[in-house]
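S.K.: Protein chains in written order, with the numbering used here: chain D, 707 to 994; chain P, 158 to 421.
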Ligand SMILES: Nc1ncnc2c1ncn2[C@@H]1O[C@H](COP(=O)(O)OP(=O)(O)O)[C@@H](O)[C@H]1O
Ligand SMILES: [Mg+2]
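(1) Within 9 Å of any Cβ in chain D, is that where the Cβ of residue 268(P) sits?
(2) Note down the Cα distance separating residue 845(D) from residue 919(D), rounded to an integer number of angstroms.
(3) Interface residues of chain D around residue 216(P) at Cβ under 8 Å?
(4) Would the beta-carbon of residue 192(P) be found less than 8 Å away from any heavy atom of ligand 1?
(5) Taking CB distances under 9 Å as the criterion, tell me whether residue 196(P) reaches chain D.
(6) Note down, in chain order, each residue of its chain lying with its Cβ closer than 8 Å to the Cβ of residue 262(P), except the 5 sequence neighbours on either side.
(7) Cβ-heavy atom distance between residue 874(D) and ligand 1 below 8 Å?
(8) Is there at least one Cβ from chain P nearer than 9 Å to residue 989(D)'s Cβ?
(9) Of all the CB atoms in chain D, is at least one closer than 9 Å to the CB of residue 321(P)?
(10) What residues in the stretch 235-258 of chain P have a beta carbon less than 9 Å from any beta carbon of chain D?
(11) To the nearest whole angstrom, what separates the beta carbons of residue 887(D) and residue 922(D), a pair I think is in contact under 8 Å?
(12) Flag residue 259(P) as yes when its Cβ comes closer than 8 Å to any non-hydrogen atom of ligand 1, and as no otherwise.
(13) What does residue 283(P) touch in chain D if you count any residue whose Cβ is under 8 Å from its own?
(14) Given a cut-off of 9 Å, decide if residue 336(P) and residue 368(P) are closer than it, judged by their beta-carbon atoms.
(15) Run the CB neighbour count on residue 160(P), radius 10 Å, all protein chains shown included, and call it buried at 16 or more, exposed below.
(16) Scan the stretch 888-902 of chain D for residues whose Cβ lies nearer than 8 Å to a Cβ of chain P and list them as they occur along the chain.
(17) Taking the straight line between their C-alpha atoms, what separation do you get for residue 1005(D) and residue 803(D)?
(18) Taking all protein chains shown into account, do 16 or more other C-beta atoms lie within 10 angstroms of the C-beta of residue 988(D), making it buried, or fewer, making it exposed?
(19) Measuring straight from C-alpha to C-alpha, what distance separates residue 815(D) and residue 881(D)?
(20) From which residue to which residue does the beta strand (DSSP E) around residue 407(P) run?
(21) Look up residue 187(P) in the DSSP assignment and say whether it is helix, strand or coil.
(22) Check each candidate in 805(D), 756(D) and 726(D) and name the one with the smallest Cα separation from residue 742(D).
(23) Verify the CB distance criterion: does residue 166(P) have a CB-CB separation below 9 Å to chain D?
(24) With a CB to CB cut of under 8 Å and the five nearest residues on each side skipped, what residues in its chain are close to residue 889(D)?
(25) Relative to the C-alpha of residue 189(P), which candidate in 401(P), 230(P) and 253(P) has its C-alpha closest?
(26) Scan the stretch 239-300 of chain P and note each continuous alpha helix (DSSP H) run of 4 residues or more that stays entirely inside, going in chain order.
(27) Given a cut-off of 9 Å, decide if residue 788(D) and residue 962(D) are closer than it, judged by their beta-carbon atoms.
(28) In chain order, what residues of the same chain lie with their CB nearer than 6 Å to the CB of residue 326(P), ignoring the 5 residues before and after it?
(29) Output the distance between the C-alpha atoms of residue 366(P) and residue 915(D), rounded to the nearest integer angstrom.
(30) In angstroms with no decimal places, state the Cα-to-Cα distance between residue 763(D) and residue 982(D).
(31) Give me, in chain order, the residues of the same chain whose beta-carbon lies closer than 7 Å to that of residue 220(P); leave out the 5 immediate sequence neighbours on both sides.
(32) Under the assumption that residue 334(P) contacts residue 412(P) (Cβ atoms under 8 Å), give the Cβ distance between them as a whole number of angstroms.
(33) Classify residue 285(P): buried if its beta carbon has 16 or more other beta carbons within 10 angstroms, exposed otherwise.
(34) Since residue 946(D) and residue 745(D) should fall inside the 8 Å C-beta cutoff, what is the C-beta to C-beta distance between them, to a whole number of angstroms?
(35) Check whether the Cβ atoms of residue 967(D) and residue 785(D) sit closer than 9 Å, and answer yes or no.
(36) Check the Cβ of residue 261(P) against every Cβ in chain D and list those closer than 7 Å, keeping chain order.
Rendered as structure tokens:
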């Protein structure tokens, strides 16, 4: 109880700092940037001290739990042992994502072209495919494809099966992105190309697609980030990618640290990738 | 007209020189759903003739032009280019379009290609010209429309008038026998209209066969061999431009001209 009373004092101080800074801000004339900056600094410091006080309280009251948590999640020995193995498995993960993306782009583009074809059979087939695939959880597709393939007598490696299932699934999503991109190109472009004697496919290839692809690079990169994360699902058919290896390690050492390593590797790729997507989107928004 | 030519086999035409009309439209109907955009157009355009088409908005001018190069499919009737029926299933429409250049109101330049890229793409991909030859040819044509110095500029960096002249050059690069112009100055600022009209006058002087949808009456009177007035999907009046303009026969034509006169 005494401790609580002791913390109440700095807590009140922090809150008062924030409030006073806020009041100061309201009284500052607009052009006074220096005063405004100081008030902001006061507010920030107030918030920081509140957070620090909170953390100190948590550490104090949960000392034992924290120690356990730290041992379980950030065990240095475990990390040192598994890190190289996780790194290697993460390379497999990346390979899985990159190889899949290659086939996804090709298959997705073909699906998109079928989806907007003048031939009803193509349109229908593509629409059904896209709807069915988008209507199913990826994990279910992975299982069905993996066991389906072996029923068909196709003994694919787990890697190939992983690539096939990711391609089957993601192509449906990326097809819709491609389609939206193609449809966003003014139809005058296609008409101008056709009026010069170019065939439909030539017009697509030289006029519409180059413009459409530029427009869909941000959403496609975004899909690639999601794909990279979803490779983890292939662990469920026993593929030794980073999540699978991390899971096994966790079981063996009865420690969560390897999974934190897995998280580290994913973030290593996904965060920069998301920054790049955002940069691209901004640049597109500027219209060049 | 020779039978093989009608079947759309372009190569056989050269054996007997064709000396009929450049464009021949016969009983052309076009429906959009239940709506009749064209209700039976008959029109011949002779080689080197400049036919100016006027008419109120929605009268079917664009639709008629688009039927001439197959961008729109006729519901009924036929369109012959140099004696070949382009509405016939066996006709290679891509081959026929090489003979018919088209320029649009909204330019429709390819924004990802430079001016010279716009001009050379079709000769290279469709005619199989090699890059060097297409480039030389393309620069010559850009020179002709007064844009020799803009060959390497992207469309976004050109004025509307310059863009439209690149679009004309792009169509000319295929060495067409006919040029179709669909209100090509309507989207331009007034001060840029003249440079485009001058380019078109130059073409007419060289003997290009042209069908020009426009509201520029000065152009019609100066360059046009014939003036056609369209209304509600029909050709209502067809004659010598000054004659149609000064002495319209049909009440709808009179009404139309009095409207645009009061507008001027
Ligand atoms: N693709 C289309 N679908 C439906 N209606 C159309 C289409 N194109 C043109 N129309 C209609 O046909 C009529 C003629 O159009 P258009 O040829 O563009 O006229 P104009 O060029 O003389 O202004 C208009 O009423 C227009 O709304
Ligand atoms: Mg029109």
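All residues carry an ideal CB built from backbone N, CA and C; glycine is no exception.
M.R.: So, from the data block:
(1) Residue 268(P) counts as touching chain D.
(2) Going by the C-alpha atoms only, they are around 29 Å apart.
(3) Near residue 216(P) there are no residues of chain D at all, since even the closest Cβ is about 20 Å away, more than 8 Å.
(4) Proximity of the beta carbon of residue 192(P) to ligand 1 is indicated: a heavy atom of the ligand is located closer than 8 Å.
(5) With respect to chain D, the C-beta atom of residue 196(P) has no partner C-beta closer than 9 Å.
(6) Apart from sequence neighbours up to five positions away, the residues of its chain that approach residue 262(P) with a beta-carbon distance below 8 Å are 339, 340, 341, 343 and 344, ordered along the chain.
(7) Within 8 Å of the C-beta of residue 874(D) there is not a single heavy atom belonging to ligand 1.
(8) Under the 9 Å criterion on CB atoms, residue 989(D) is classed as non-interfacial with respect to chain P.
(9) With 9 Å as the cut-off, residue 321(P) does not count as an interface residue toward chain D.
(10) Flagged, chain order: 250, 251, 252, 253, 254, 255, 256, 257 and 258.
(11) The beta-carbon separation of residue 887(D) and residue 922(D), rounded to 4 Å, stays under the 8 Å limit for a contact.
(12) In terms of side-chain proximity, the C-beta atom of residue 259(P) is found no nearer than 8 Å to any non-hydrogen atom of ligand 1.
(13) Residues of chain D passing the Cβ test: 902, 903, 904 and 908.
(14) Their beta carbons are under 9 Å apart, which means residue 368(P) touches residue 336(P) by this criterion.
(15) Note that residue 160(P) has pLDDT 43, beneath the 50 cutoff, so the model's placement of it is unreliable and the number below is only indicative. The residue in question, residue 160(P), is exposed, as its Cβ has fewer than 16 Cβ neighbours within 10 Å.
(16) Against chain P - using a Cβ distance shorter than 8 Å - the residues of the stretch 888-902 of chain D are 892, 894, 895, 897, 898, 899, 900, 901 and 902.
(17) Because chain D in this structure spans residues 707 to 994, residue 1005(D) falls outside the shown range and cannot be described.
(18) By the neighbour-count rule (16 or more Cβ atoms within 10 Å), residue 988(D) is not buried but exposed.
(19) Roughly 6 Å separates the two Cα atoms.
(20) No beta strand (DSSP E) holds residue 407(P); DSSP gives it neither H nor E.
(21) Strand, per DSSP.
(22) It is 726(D) whose Cα lies nearest to the Cα of residue 742(D).
(23) Reliability fails at residue 166(P), whose pLDDT of 49 lies under 50, so the model's placement of it is uncertain and the value that follows must be treated cautiously. Not closer than 9 Å to any Cβ of chain D, the Cβ of residue 166(P) fails to qualify, so no.
(24) Here the set comprises 822.
(25) Comparing Cα positions, the closest option is 230(P).
(26) Whole alpha helix (DSSP H) segments, 4+ residues: 250-254 and 272-282.
(27) For the pair residue 962(D) and residue 788(D), the CB atoms are not nearer than the 9 Å cut-off.
(28) In its chain, beyond the 5 residues on either side, 276, 298, 299 and 302 have a beta carbon closer than 6 Å to the beta carbon of residue 326(P).
(29) Straight-line Cα distance between these residues: approximately 33 Å.
(30) Cα to Cα, residue 763(D) sits roughly 39 Å from residue 982(D).
(31) Excluding residues within five positions, the ones whose Cβ falls inside 7 Å are 187, 194, 195 and 229.
(32) With a Cβ gap of about 36 Å, residue 334(P) and residue 412(P) do not count as contacting.
(33) So residue 285(P) ends up on the exposed side.
(34) So it is not a contact: roughly 56 Å between Cβ atoms.
(35) Annotated as proximal: residue 967(D) and residue 785(D), with beta-carbon spacing under 9 Å.
(36) Identification of chain D residues near residue 261(P) by a Cβ-Cβ cut-off of 7 Å yields 894 and 898, ordered along the chain.
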